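Please read the structure below before turning to the comments.
Numbering (the working numbering), first residue to last: 57 to 466.
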C-alpha cells in the first residue's frame with residue numbers, strides 16, 4: 057500500500073498531538089488489543105517525544121475473552137479486582153489521559169453466550185463507574201480511535217477478496233481521517249474550527265425542542281433550559297482541549313431526561329457485543345422507552361435495555377449532516393465510532409454533563425439521564441428533517457433532507 061507506514065505515523069502523531077493533546081509530564085494510559093502492538097508502539101513513541109512522563113498499556117485479547125466467557129465460574133464473571141479499579145482512579149486523579157484503540161474482531165466473540173458476557177460487562181461497569189463518570193464529565197482527557205482488522209474488513213466488504221478488503225478499509229479510513237492531506241494536523245484544526253462555529257450558532261438559537269421527521273420517525277425531544285451544544289473537542293478540568301472521538305463530525309447536547317416523546321427508527325445497524333441489531337424501532341413517552349421492536353439482535357437489544365433504569369432513557373442527541381466525509385463513502389461500517397459520524401444519532405444511557413451550560417451544571421445535573429451505559433444508534437438519512445422549536449413556538453429548519461440548512465452549512 058502506497059506510503060502506508062508514513063500515513064500510519066501521521067495517524068499516531070495526530071492521536072497524540074490533537075486527540076489526546078498530551079502535556080509535558082503527563083501519564084498516558086492506552087487500552088488496546090494485542091493485535092495492534094505495532095501501532096501502539098508508534099503511539100508510545102510520539103507520546104514520549106511530546107512530553108509524556110509514563111505510558112501504561114492495558115492489553116486486551118479477544119480470544120482470551122471468549123475463553124473467559126466460556127470457562128469462568130459465575131463468581132469469576134462477576135469479579136473485578138479492587139486493585140485494578142483503584143489503579144485507574146488514581147491515574148485519573150493524577151491527571152492521566154486515556155486512549156482507547158478499538159480493533160473489531162467480530163469472529164472472536166461471535167456465538168458467546170450473551171447472558172454470560174452481559175454478566176461480566178455489568179460487573180466491570182459497576183466497579184468502574186466512579187472512574188467512568190470522570191470520563192463522561194470530561195474531568196480527564198480521553199480519545200477513542202479504531203484500527204482496521206481482517207474481521208472488520210470482511211464485514212464491510214464481504215464480496216471482496218481477503219487480500220484486497222483490508223487494504224480497501226485502510227484506504228477509506230486514511231481519507232476519512234484526513235491523513236492523505238499534506239498537513240493532517242492543520243486539516244483537523246480547521247475542521248474543528250468549523251464544528252465550533254456550528255455549535256456556537258446552535259447555542260445562539262436557544263431551541264427548546266427538536267423535532268425529527270422521516271419515514272418511521274416522528275420524534276420530539278425537549279432540551280434542558282440551560283442546554284449547551286458541543287462538538288468533538290472538549291476541555292478537561294485543567295482547561296486542556298482534547299478530542300473524544302477520531303473521527304468526529306457531530307454537534308451534540310444532552311436532552312431533558314423526561315422530554316423525549318414519539319417514535320424513532322434506526323437507519324444503520326447497531327453492533328453490540330458482536331451481535332448486529334437492525335431494523336428496530338423505539339416508542340418513547342415522557343423520556344422512557346415504553347415499547348420496541350427489532351428484526352434482528354433481539355437478545356442483545358434486551359440486554360442493553362435491562363442494564364439499568366437509565367438504559368431506557370436517552371442521554372445524547374447528535375446532529376450530523378448526511379454529506380459528511382463518512383457518509384459520502386457510502387459504506388456501512390458496522391462500528392459506532394464511524395457510523396455515528398455518518399448520521400444523526402441518539403444514545404441510550406448516560407447523559408453528558410458538558411451538554412449543560414457550565415454555570416448551571418450543579419443545579420441542573422439531575423434533569424439529565426444517568427446510567428452505566430452509553431450506546432449510540434443512528435437515525436439520520438437523506439430523508440430526515442430536523443427542526444428547532446423555540447420557547448415562543450417559532451420553528452427553524454436545522455437539517456433538510458439530511459443536510460445542514462443554509463445558515464448552518466458553515
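Glycine included, each C-beta is placed from N, C-alpha and C at the ideal position.
Because the structure is a prediction, the values reported are computed rather than measured.
- Bounds of the alpha helix (DSSP H) holding residue 227 are 218 to 232.
- Burial check for residue 139: the Cβ neighbour count within 10 Å stays below 16, so the residue is exposed.
- The Cβ-Cβ distance between residue 104 and residue 96 does not fall below 8 Å.
- One Cα belongs to residue 248, the other to residue 190, and the distance between them is close to 23 Å.
- According to DSSP, residue pairing for residue 308 in a beta bridge involves 286 and 374.
- Taking the Cα positions, residue 100 is about 47 Å away from residue 342.
- The segment 78 to 135 is shown to contain whole beta strand (DSSP E) runs of 3 or more residues at 83 to 89 and 110 to 116, in chain order.
- Approximately 6 Å separates the beta-carbon atoms of residue 412 and residue 284; this is inside 8 Å, confirming the contact.
- Inclusion of residue 196 and residue 154 in the CB contact set at 8 Å is warranted, their separation being smaller than that value.
- Nearest C-alpha to residue 432 among 326, 441 and 387: 326.
- Taking a contact to require three or more Cβ pairs closer than 8 Å, the segment 386 to 395 and the segment 412 to 421 do not qualify as touching.
- About 6 Å separates the beta carbons of residue 151 and residue 82, which is inside the 8 Å limit, making them a contact pair.
- Taken in chain order, the unbroken stretches of beta strand (DSSP E) that lie wholly in the segment 169 to 202 and span 3 residues or more are 198 to 202.
- Excluding the 5 residues flanking it on each side, residue 364 has same chain C-beta neighbours closer than 8 Å at 427, 428 and 429, in chain order.
- Under the Cβ criterion (8 Å, minimum of three pairs), the segment 280 to 296 does not count as touching the segment 319 to 335.
- Beta-bridge partners assigned by DSSP to residue 314: none are found.
- Taking a 10 Å sphere around the C-beta of residue 347, we find fewer than 16 other C-beta atoms and assign the residue as exposed.
- Between the segment 295 to 306 and the segment 134 to 149 there are fewer than three C-beta pairs closer than 8 Å, too few to call the two in contact.
- Rounded to whole angstroms, the gap between the alpha carbons of residue 442 and residue 314 is 20 Å.
- In the three-state reduction of the DSSP assignment, residue 428 falls in the coil class.
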